[in-house]
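Chains as they are written, first to last, in the working numbering: chain A, 2 to 233; chain B, 2 to 233. From the three backbone atoms N, C-alpha and C, an ideal C-beta is built for every residue, glycine too. The structure appears below as structure tokens.
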DNA sequence: CATTTCATTTGCGATAGCGCAAATCAATTT
DNA sequence: AAATTGATTTGCGCTATCGCAAATGAAATG
């Protein structure tokens with residue numbers, strides 16, 4: 002398997018390139034430009050003019066927003082196969098969020114005219130993009146609902162399980178969340194303070210439900226946390 | 002102008018049919034089926050199998066979600082030109098929300114295979130749908146941020162201004178919000194209780210910033226409320 | 001290895017807003 | 001008009017969670 006095949010393989014797994022023949026995927030790949038990102042590197046800032054549309058090949062990016070009074074909140078973490086800044090296609094606007102790499106990552110970028118050409122030539126890509134954005138909207142709606150109705154402990158539990166789903170790796174002991182998540186990261190994701198998250202996590206650590214070391218969270222008793230997340 | 006022309010005219014104003022020639026819009030119209038809705042009528046329930054994709058021609062629909070423990074929260078109000086249940090196209094899933102008419106409304110429905118055919122034949126429609134969903138996502142993200150960082154009073158203020166933008170009608174006295182909104186409606190939209198909303202609104206009413214009568218809200222001092230919504 | 005820097009923990013007081021109850025007001029029906 | 005039903009207001013106690021400070025722990029740097 003040469004590197005090119007590998008690339009196609011990587012792409013074809015993605016929702017964005019679903020139902021496309023390899024040669025077409027190849028053609029689309031060649032139009033864009035691949036870009037590596039070091040951990041903590043900023044791909045784009047909230048407020049920058051939105052020039053590119055991005056597809057995540059490797060790693061994880063954090064999309065966050067800063068309020069007028071400087072509070073930072075995290076909207077989403079995106080992983081391989083996911084995409085962002087789709088609105089760069091539609092309108093000549095500014096990026097509504099800041100995108101930062103959480104770990105070594107690779108993204109593919111297409112500019113507005115490139116992606117428009119792609120979408121006109123391969124309608125399937127547009128339909129797939131629509132599908133991805135709909136998933137993102139659905140996720141956002143669920144989190145909005147959770148934020149409205151649940152208290153912090155439940156939201157922390159749900160967040161852990163969410164990360165287990167997207168980046169959980171089975172370990173000898175339990176399930177390890179593959180992204181380094183600080184108390185602050187979690188707090189900004191669920192709209193609370195790092196102190197409150199710290200209290201909740203250290204309580205669960207004392208109960209032996211999880212373990213944190215080197216910024217990594219290892220879930221030892223997933224079902225206990227799931228139970229908690231479903232509590233009324 | 003005959004009724005048909007009128008219909009086309011109505012459609013062509015919508016984001017969904019932007020950049021499409023009249024004859025193509027016409028063709029698309031003829032595929033779908035128009036459906037009138039009385040106030041309070043339910044278009045579809047959360048949990049129903051998602052069969053149709055809807056476009057709002059007239060009126061306003063409320064999209065809401067119910068939690069496992071029975072709390073109702075409102076995700077969005079949609080107005081003419083907007084669409085919903087786009088995920089009915091992509092996946093054979095259930096509607097994630099309940100859609101209810103707030104006033105006499107008209108929607109156009111296409112089923113999965115109809116809309117897929119339309120999108121394949123008219124790629125522009127898919128791109129436009131993507132654009133609409135991206136707007137919805139952006140809106141949801143902003144509201145998520147607001148819910149995370151602002152207190153109830155500010156969120157009420159922002160909500161009023163949001164409705165002024167989408168359904169505000171200038172009046173002799175001030176700006177009238179054209180949708181009947183109860184305290185409960187607002188509370189469910191911003192994740193608080195009807196009591197708290199009542200306190201805030203009656204306070205502002207005492208200050209003369211607004212007036213409520215027959216379930217209608219009339220904003221008398223918009224700038225006062227805007228000021229409030231921007232307060233840090 | 002000492003030092004700086006950053007993340008986490010923990011304690012404690014303050015408070016926004018919930019939850020419930022009861023009263024009032026408005027609209028609709030008989 | 002009287003009666004019913006539903007929406008709104010208002011009071012009051014309660015609590016989840018914030019906000020800050022200070023201590024501790026861990027990691028990075030010279």
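Output the boundary residues of the beta strand (DSSP E) element that contains residue i.
{"i": "residue 50 of chain A", "result": "No beta strand (DSSP E) contains residue 50 of chain A, which DSSP labels as neither H nor E."}
{"i": "residue 65 of chain B", "result": "62-67"}
{"i": "residue 36 of chain A", "result": "34-38"}
Does any CB atom of chain B fall closer than 7 Å to the CB of residue i?
{"i": "residue 138 of chain A", "result": "yes"}
{"i": "residue 14 of chain A", "result": "no"}
{"i": "residue 155 of chain A", "result": "no"}
{"i": "residue 211 of chain A", "result": "no"}
{"i": "residue 91 of chain A", "result": "yes"}
{"i": "residue 135 of chain A", "result": "yes"}
{"i": "residue 47 of chain A", "result": "no"}
{"i": "residue 115 of chain A", "result": "no"}
{"i": "residue 197 of chain A", "result": "no"}
{"i": "residue 194 of chain A", "result": "no"}
{"i": "residue 87 of chain A", "result": "yes"}
{"i": "residue 25 of chain A", "result": "no"}
{"i": "residue 50 of chain A", "result": "no"}
{"i": "residue 124 of chain A", "result": "yes"}
{"i": "residue 61 of chain A", "result": "no"}
{"i": "residue 107 of chain A", "result": "no"}
{"i": "residue 68 of chain A", "result": "yes"}
Would residue i and residue j qualify as a contact pair, given that the criterion is a beta-carbon distance under 7 Å?
{"i": "residue 193 of chain B", "j": "residue 153 of chain B", "result": "yes"}
{"i": "residue 138 of chain A", "j": "residue 138 of chain B", "result": "yes"}
{"i": "residue 16 of chain A", "j": "residue 128 of chain A", "result": "no"}
{"i": "residue 158 of chain B", "j": "residue 45 of chain B", "result": "no"}
{"i": "residue 59 of chain A", "j": "residue 107 of chain A", "result": "yes"}
{"i": "residue 77 of chain A", "j": "residue 88 of chain A", "result": "no"}
{"i": "residue 208 of chain A", "j": "residue 219 of chain A", "result": "no"}
{"i": "residue 51 of chain B", "j": "residue 94 of chain B", "result": "yes"}
{"i": "residue 150 of chain A", "j": "residue 150 of chain B", "result": "no"}
{"i": "residue 186 of chain B", "j": "residue 168 of chain B", "result": "no"}
{"i": "residue 109 of chain A", "j": "residue 35 of chain A", "result": "yes"}
{"i": "residue 156 of chain B", "j": "residue 191 of chain B", "result": "yes"}
{"i": "residue 188 of chain A", "j": "residue 201 of chain A", "result": "no"}
{"i": "residue 148 of chain B", "j": "residue 148 of chain A", "result": "yes"}
The alpha helix (DSSP H) with residue i in it runs from where to where?
{"i": "residue 78 of chain A", "result": "Careful: residue 78 of chain A lies outside any alpha helix (DSSP H), inside the beta strand (DSSP E) at 73-79."}
{"i": "residue 231 of chain B", "result": "223-231"}
Verify the CB distance criterion: does residue i have a CB-CB separation below 7 Å to chain A?
{"i": "residue 131 of chain B", "result": "yes"}
{"i": "residue 74 of chain B", "result": "yes"}
{"i": "residue 150 of chain B", "result": "yes"}
{"i": "residue 101 of chain B", "result": "no"}
{"i": "residue 223 of chain B", "result": "no"}
{"i": "residue 162 of chain B", "result": "no"}
{"i": "residue 145 of chain B", "result": "yes"}
{"i": "residue 128 of chain B", "result": "yes"}
{"i": "residue 141 of chain B", "result": "yes"}
{"i": "residue 188 of chain B", "result": "no"}
{"i": "residue 22 of chain B", "result": "no"}
{"i": "residue 36 of chain B", "result": "no"}
{"i": "residue 97 of chain B", "result": "yes"}
How many angstroms separate the CA atom of residue i from the CA atom of residue j?
{"i": "residue 204 of chain B", "j": "residue 72 of chain B", "result": "26 Å"}
{"i": "residue 224 of chain A", "j": "residue 160 of chain A", "result": "14 Å"}
{"i": "residue 111 of chain B", "j": "residue 74 of chain B", "result": "27 Å"}
{"i": "residue 80 of chain A", "j": "residue 222 of chain B", "result": "46 Å"}
{"i": "residue 86 of chain B", "j": "residue 101 of chain B", "result": "13 Å"}
{"i": "residue 66 of chain A", "j": "residue 103 of chain A", "result": "16 Å"}
{"i": "residue 30 of chain A", "j": "residue 114 of chain A", "result": "15 Å"}
{"i": "residue 49 of chain A", "j": "residue 173 of chain A", "result": "44 Å"}
{"i": "residue 22 of chain B", "j": "residue 23 of chain A", "result": "34 Å"}
{"i": "residue 84 of chain A", "j": "residue 171 of chain A", "result": "26 Å"}
{"i": "residue 184 of chain B", "j": "residue 20 of chain A", "result": "48 Å"}
{"i": "residue 55 of chain B", "j": "residue 181 of chain A", "result": "41 Å"}
{"i": "residue 37 of chain B", "j": "residue 62 of chain B", "result": "12 Å"}
{"i": "residue 231 of chain B", "j": "residue 42 of chain A", "result": "31 Å"}
Quick check: is any heavy atom of the ligand HEM less than 6 Å from the C-beta of residue i?
{"i": "residue 166 of chain A", "result": "The ligand HEM is absent from the structure shown, which contains no ligands of any kind."}
Any alpha helix (DSSP H) of 4 or more consecutive residues that is wholly inside the region 158-217 of chain A: With a minimum length of 4 residues, the unbroken runs of alpha helix (DSSP H) contained wholly in the region 158-217 of chain A fall at 184-191, 195-207.
Those runs of the alpha helix (DSSP H) which lie wholly inside the region 82-144 of chain B and span at least 4 residues: You should have 88-91, 113-122.
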